Amino acid sequence: MRQAIEADRDKLKADGLKVFRPCVFFLTDGEPNDGDWNQVFKDTLTYDAATGTGMRSYPIFVPFGFRQAQEEVMKKLAYPRDRGKWFLATRTDPESAVRGILDLVRRTVMVSSQQVGTGKAANGIADPEPGSGIVSGESEYI
Numbered sequence: 001m002r003q004a005i006e007a008d009r010d011k012l013k014a015d016g017l018k019v020f021r022p023c024v025f026f027l028t029d030g031e032p033n034d035g036d037w038n039q040v041f042k043d044t045l046t047y048d049a050a051t052g053t054g055m056r057s058y059p060i061f062v063p064f065g066f067r068q069a070q071e072e073v074m075k076k077l078a079y080p081r082d083r084g085k086w087f088l089a090t091r092t093d094p095e096s097a098v099r100g101i102l103d104l105v106r107r108t109v110m111v112s113s114q115q116v117g118t119g120k121a122a123n124g125i126a127d128p129e130p131g132s133g134i135v136s137g138e139s140e141y142i
């Protein structure tokens, strides 16, 4: 993912286009399989401004969990801490969960596109619709 984001960014800039912060929508239905997932995530997709290390063009990472995904993991994946948001579908049927998630992605892309059209950088992550069975919260990235 990192290589794709950086390659796309470089190509767009070379073509003379203005590039804004990318946003990754990550869907998961369970727990990480890799015991070292948190360190891999940090090493691959985050940036430490104090030390200048990591991925300078890091994405806003928006995790969407359903079925057996755990809220605690979603909170840690939402990045960056000051703008990250996580979502978790509380309904058990995958069809309802995915429908709600796709609605959030659609509305987020629409809002961000409208804001970028004004020349302002933005990643306005939408809130879940009332009654959608989706809960959300702010990042607790460590």
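One point on numbering: in the UniProt record's numbering, the residue at position 26 of the sequence shown is 26, and numbering is uninterrupted.
Don't be surprised by glycine CBs; every beta carbon is placed ideally from N, CA and C.
Note that the coordinates shown come from a computational prediction; the quantities given were computed from them, not determined experimentally.
Starting from the C-beta of I60, find all residues in its chain whose C-beta is less than 8 angstroms away, skip the five residues before and the five after it, and write them out in chain order.
Within the sequence shown, residue 60 is the residue found at index 60, counting from 1. If we look at I60 and ignore the five residues flanking it on each side, its Cβ neighbours are R21, P22, C23, V24, Y79, P80, R83, G84, N123 and I125.
I want to see whether chain B comes within less than 8 angstroms of K18, judged by CB atoms only; does it?
Although the question refers to chain B, the structure presented lacks it and comprises just one protein chain.
What's the call for L104, buried or exposed, on a 16-neighbour Cβ count within 10 Å?
Against the sequence shown, residue 104 aligns to sequence position 104. Buried.
Between the alpha carbons of D34 and D10, how many angstroms are there, rounded?
By 1-based counting over the sequence shown, the position of residue 34 is 34. By 1-based counting over the sequence shown, the position of residue 10 is 10. Cα to Cα, D34 sits roughly 30 angstroms from D10.
For T28, collect the residues of the same chain with a Cβ closer than 7 angstroms to its Cβ; drop the 5 residues on either side in sequence, then sort them by chain order.
Indexing the sequence shown from 1 puts residue 28 at position 28. P63, G65 and A69.
Applying the 10 Å Cβ sphere with the 16-neighbour rule, what's the burial state of A97?
Taking the first residue of the sequence shown as 1, we reach residue 97 at position 97. By the neighbour-count rule (16 or more Cβ atoms within 10 Å), A97 is buried.
For V98, the first and last residue of its enclosing alpha helix (DSSP H)
Within the sequence shown, the letter at position 98 stands for residue 98. Segment P94 to V116, the alpha helix (DSSP H) holding V98.
For V19, which residues of its own chain have a beta-carbon under 7 angstroms away from its beta-carbon, when the five flanking residues on both sides are left out?
Taking the sequence shown and counting its residues from 1, one reaches residue 19 at position 19. If we look at V19 and ignore the five residues flanking it on each side, its Cβ neighbours are R9, L12 and K13.
Going by DSSP, what residues sit across from D47 in a beta bridge?
Residue 47 sits at position 47 when you count from the first residue of the sequence shown. According to the sequence provided, residue 47 is Tyr. The question's Asp does not apply to it. G54, per the DSSP bridge assignment.
How far does the beta strand (DSSP E) with K18 in it reach, from first residue to last?
Translated into the one-based positions of the sequence shown, residue 18 becomes position 18. Element bounds for K18: n/a, residue is neither H nor E.
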